[in-house]
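One structure below.
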Amino acid sequence: MRGTKPNILMVMLDSVRPEWLSCYGSAATTSPRIDAIAERGTVFETAIGPSAWTFPVMASVFTGMLPTKHGGHDEHQLLDSAYPTLAETLQRHGYDTAGFADVPYVGPSTRLDRGFGFLSNMRVPQVSLASKVFKAAGRVHRKVSGRYTKTCETRVLMGEALRWYERQRDRSKPFFLYLHTDETHAPFLPPPEYRRKFAGLSRTRMYEINQDKQLYVSGQVRMTERDFADLHALAKAEVAFFDAWLGVLLDRLERDGVLSDTAVVIAADHGDNLGEHGLLRHGLCLYDTLVHVPLIVKSAGTGSGRRVRELVQLIDVFPTLMTAAGIDEPATRAEHQGGDLAAQVREGRFARFAVSELYRPGQGLWRKKAPGFMPEFLERYDRRLRALRTNTHKYIWASNGRCELYDLTRDPGERRNLIDLEAGRAADMQRDLDAWLATFEAKEASATVAVEDTADERVFERLKELGYVE
Ligand SMILES: [Zn+2]
Numbered sequence: 126m127r128g129t130k131p132n133i134l135m136v137m138l139d140s141v142r143p144e145w146l147s148c149y150g151s152a153a154t155t156s157p158r159i160d161a162i163a164e165r166g167t168v169f170e171t172a173i174g175p176s177a178w179t180f181p182v183m184a185s186v187f188t189g190m191l192p193t194k195h196g197g198h199d200e201h202q203l204l205d206s207a208y209p210t211l212a213e214t215l216q217r218h219g220y221d222t223a224g225f226a227d228v229p230y231v232g233p234s235t236r237l238d239r240g241f242g243f244l245s246n247m248r249v250p251q252v253s254l255a256s257k258v259f260k261a262a263g264r265v266h267r268k269v270s271g272r273y274t275k276t277c278e279t280r281v282l283m284g285e286a287l288r289w290y291e292r293q294r295d296r297s298k299p300f301f302l303y304l305h306t307d308e309t310h311a312p313f314l315p316p317p318e319y320r321r322k323f324a325g326l327s328r329t330r331m332y333e334i335n336q337d338k339q340l341y342v343s344g345q346v347r348m349t350e351r352d353f354a355d356l357h358a359l360a361k362a363e364v365a366f367f368d369a370w371l372g373v374l375l376d377r378l379e380r381d382g383v384l385s386d387t388a389v390v391i392a393a394d395h396g397d398n399l400g401e402h403g404l405l406r407h408g409l410c411l412y413d414t415l416v417h418v419p420l421i422v423k424s425a426g427t428g429s430g431r432r433v434r435e436l437v438q439l440i441d442v443f444p445t446l447m448t449a450a451g452i453d454e455p456a457t458r459a460e461h462q463g464g465d466l467a468a469q470v471r472e473g474r475f476a477r478f479a480v481s482e483l484y485r486p487g488q489g490l491w492r493k494k495a496p497g498f499m500p501e502f503l504e505r506y507d508r509r510l511r512a513l514r515t516n517t518h519k520y521i522w523a524s525n526g527r528c529e530l531y532d533l534t535r536d537p538g539e540r541r542n543l544i545d546l547e548a549g550r551a552a553d554m555q556r557d558l559d560a561w562l563a564t565f566e567a568k569e570a571s572a573t574v575a576v577e578d579t580a581d582e583r584v585f586e587r588l589k590e591l592g593y594v595e
């Protein structure tokens with residue numbers, strides 16, 4: 126059964142901007158272990174994600190298509206379309222599939238667990254006994270010491286993944302191992318040694334910085350340039366801590382002689398705003414702060430030590446891994462909206478544009494934390510967005526009519542909206558978007574999934590009741 130199929134390791138770093146990794150230019154060496162994989166593979170310098178937060182991005186990565194086609198997004202937080210997922214496809218072709226995710230969306234509630242023979246999600250109630258015990262110990266420790274960091278989650282996540290690798294997997298089959306870490310997601314609260322090394326901040330200072338999205342965006346809390354600089358440093362410290370733990374798994378694979386024939390994909394689902402565009406954290410926009418993500422692929426055919434500047438997409442991962450696994454399913458491939466990265470690199474033919482989409486955001490937390498801001502919130506953010514990004518420009522269609530156009534070469538920060546100045550270019554890009562939309566059938570939700578709150582908010586409210594988070 127094993128045959129010549131490679132093992133596959135996919136690592137998703139939640140909410141990580143490329144520049145937080147040293148292989149993308151961070152001056153501090155935040156990611157030595159990821160950098161080492163990059164040296165044996167390809168670093169994609171302009172990788173674009175399909176959306177601005179975890180659920181629609183992962184639904185897209187797992188199906189190889191954009192939210193409008195698979196139907197999973199803010200307004201319908203369920204992957205209930207019939208398109209096969211990456212894990213289902215690999216499983217059908219003889220892979221032992223397992224996922225370890227400490228993010229709330231990857232699980233049965235959103236059906237992103239489809240195709241995983243084993244899925245551990247520490248943020249939903251069906252966690253393992255070991256995780257529960259560890260969590261309980263963490264809560265006691267936190268109460269006694271007054272300290273809280275997220276470190277125990279990464280230790281549990283990697284411990285569970287290692288245990289599966291060592292003891293639980295079916296060794297007669299190649300494996301597909303998917304890790305998704307929330308360590309790198311705000312609030313950035315790295316363990317002390319990483320905080321000191323990468324941010325040089327005291328514990329008091331770390332807790333002093335606002336990390337609450339609603340309070341900042343609604344203007345209830347003001348933040349300084351220094352606050353944002355410190356948040357960047359704390360985010361890098363989180364990356365470094367996770368990188369070290371990823372190293373434990375990579376060492377194990379190396380020791381077993383498994384790493385060399387394992388295809389590895391390391392990416393972030395989306396980035397984070399740290400003050401740009403008047404925003405904090407993610408959601409609400411499709412600017413590059415959120416959709417430009419790190420993407421590193423080590424797999425036969427993508428080259429070694431190569432850096433690719435051309436435009437690629439996160440939805441290219443599924444077709445890339447299908448090729449790596451030697452799976453030829455024309456019907457599955459025909460539905461994909463991206464393409465095999467190895468072929469793109471080999472032939473020097475890349476997509477002319479990348480599309481990202483965002484549906485109308487949930488309002489629950491905004492109503493609760495920023496009631497006075499609601500008129501402005503609805504006016505500015507209660508709309509659907511669809512962005513078409515080329516190597517040089519980005520056009521953003523908005524359902525409320527406030528479309529935007531940016532020249533990314535001259536204005537990479539997307540500060541100067543050229544929609545009126547370059548109406549001709551905007552019209553051309555809208556035509557490209559319309560033509561793209563006409564290439565597939567949009568999935569209309571068969572039943573409305575209540576979105577009074579986003580899954581994020583609902584899950585976290587539930588977790589608070591259970592005492593998992595504060
Ligand atoms: Zn995310």
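When the count follows my numbering, it moves up by one through the sequence shown with no breaks and lands on 595 for the last residue.
The C-beta atom is built at its ideal place from N, Cα and C for all residues, glycine as well.
Quick one: grab the DSSP three-state call for residue i.
{"i": "His461", "result": "coil"}
{"i": "Val383", "result": "coil"}
{"i": "Trp178", "result": "coil"}
{"i": "Gly224", "result": "strand"}
{"i": "Thr564", "result": "coil"}
{"i": "Val141", "result": "coil"}
{"i": "Tyr149", "result": "helix"}
{"i": "Phe313", "result": "coil"}
{"i": "Val231", "result": "coil"}
{"i": "Phe241", "result": "coil"}
{"i": "Ala172", "result": "strand"}
{"i": "Thr274", "result": "The pLDDT assigned to Thr274 is 47, lower than 50, so where the model puts this residue is not dependable; a value taken from the coordinates is nonetheless given after this. Three-state result, Thr274: coil."}
{"i": "Tyr319", "result": "helix"}
Leaving aside the five residues before and after residue i along the sequence, list all residues of the same chain whose C-beta is less than 7 angstroms from its C-beta, in chain order.
{"i": "His218", "result": "Ala450, Ile452"}
{"i": "Arg406", "result": "Ala311, Lys338, Asp397, Asn398"}
{"i": "Gly150", "result": "Glu144"}
{"i": "Trp333", "result": "One detail in the question is off: residue 333 reads as Glu in this sequence, not Trp. Counting only Cβ-Cβ distances below 7 angstroms, and skipping sequence neighbours, we find nothing."}
{"i": "Glu666", "result": "In the structure as shown, the chain starts at 126 and stops at 595, and residue 666 therefore has no counterpart that could be examined."}
Please report the distance separating the alpha-carbon of residue i from that of residue j.
{"i": "Gly526", "j": "Gly549", "result": "17 angstroms"}
{"i": "Gly325", "j": "Asp221", "result": "43 angstroms"}
{"i": "Arg485", "j": "Lys494", "result": "19 angstroms"}
{"i": "Glu460", "j": "Val442", "result": "14 angstroms"}
{"i": "Arg320", "j": "Ile521", "result": "37 angstroms"}
{"i": "Met331", "j": "Pro316", "result": "11 angstroms"}
{"i": "Phe225", "j": "Arg347", "result": "37 angstroms"}
{"i": "Val258", "j": "Gly284", "result": "13 angstroms"}
{"i": "Ile634", "j": "Gly166", "result": "As shown, the chain starts at 126 and ends at 595. That puts residue 634 outside it, with no answer to give."}
{"i": "Glu164", "j": "Gly489", "result": "44 angstroms"}
{"i": "Ala184", "j": "His305", "result": "13 angstroms"}
{"i": "Thr329", "j": "Leu314", "result": "11 angstroms"}
{"i": "Pro209", "j": "Leu191", "result": "14 angstroms"}
{"i": "Arg236", "j": "Val168", "result": "30 angstroms"}
Beta-carbon within less than 6 angstroms of residue i's beta-carbon, same chain only, minus the 5 sequence neighbours each way: which residues are those?
{"i": "Ser206", "result": "His195, Gly196, Lys568"}
{"i": "Phe498", "result": "Ser343"}
Please list, in chain order, all residues of the same chain as residue i whose beta carbon is under 8 angstroms from its beta carbon, the five residues on each side excluded.
{"i": "Glu291", "result": "Arg377"}
{"i": "Val182", "result": "Gly174, Pro175, Ser176, Asp394, His395, Leu439"}
{"i": "Leu340", "result": "Val346, Lys494, Ala495"}
{"i": "Leu215", "result": "Ile133, Thr222, Gly240, Phe301, Leu446, Ala450, Ile452"}
{"i": "His402", "result": "Cys410, Tyr412, Thr414, Glu539"}
Checklist entry - Are the region 392 to 400 and the region 163 to 179 touching by the rule of at least three beta carbon pairs closer than 8 angstroms? => result yes
Next on the checklist: At 3 residues or longer, what runs of the beta strand (DSSP E) sit wholly inside the region 461 to 540?
Outcome noted: 479 to 483, 510 to 514, 518 to 523, 529 to 532
Item to check | 3 or more residues per run - each beta strand (DSSP E) lying fully within the region 403 to 451 | outcome: 417 to 423, 431 to 438
Item to check | Stretch pair the region 368 to 388 + the region 350 to 358: three plus CB contacts closer than 8 angstroms | outcome: no
Next on the checklist: So within the region 333 to 380, which uninterrupted alpha helix (DSSP H) runs reach at least 4 residues, ignoring any that extend past its ends?
Outcome noted: 338 to 342, 350 to 380
Next on the checklist: Within 8 angstroms, do at least three Cβ pairs link the region 527 to 537 to the region 495 to 502?
Outcome noted: no
Checklist entry - Are the region 506 to 513 and the region 541 to 548 in contact at 8 angstroms, needing three or more beta carbon pairs? => result no
Checklist entry - Below 8 angstroms, can you find three or more Cβ-Cβ pairs linking the region 471 to 481 to the region 147 to 164? => result no
Checklist entry - Should the region 402 to 417 be called in touch with the region 379 to 388, which here means at least 3 C-beta pairs below 8 angstroms? => result no
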